[in-house]
Amino acid sequence: MKKQLKWIGALKIWIAIYPSLTVVNYVFGNQLLTLPVYLRTLVVTLILVPWMVFMALPLMNRLIDRLRSLDTNSLK
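Residue numbers for the sequence shown follow my numbering, beginning at 15 and rising by one.
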């Protein structure tokens, strides 16, 4: 069961990070190309880590909780 929870956690993070990273690269991609790779990585992580911790993952958890409650309500 623990292994399954790790996979579910990894999947939630991937579902949140992939579109977020895509949007950041789309919006800031041209400006970031002028920076060396270590600064590019710094800028992207400065944007995405707070977004993931404070917005994306809590929203994902709320959405999953809602879906679970809908599922348990339909079983009654």
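Where is the CB? At the ideal position from N, CA and C, for every residue including glycine.
Just so you know, the alpha carbons of tryptophan 65 and threonine 86 end up roughly 30 Å apart.
Rounded to whole angstroms, the separation of the alpha carbons of lysine 17 and serine 34 is 26 Å.
DSSP places proline 64 within a helical segment (H, G or I) once states are collapsed to three. Inclusion of lysine 20 and leucine 71 in the CB contact set at 8 Å is not warranted, their separation being larger than that value.
Around the beta carbon of alanine 30, a 10 Å sphere encloses 16 or more other beta carbons of the protein chains shown; the residue is thus reported as buried.
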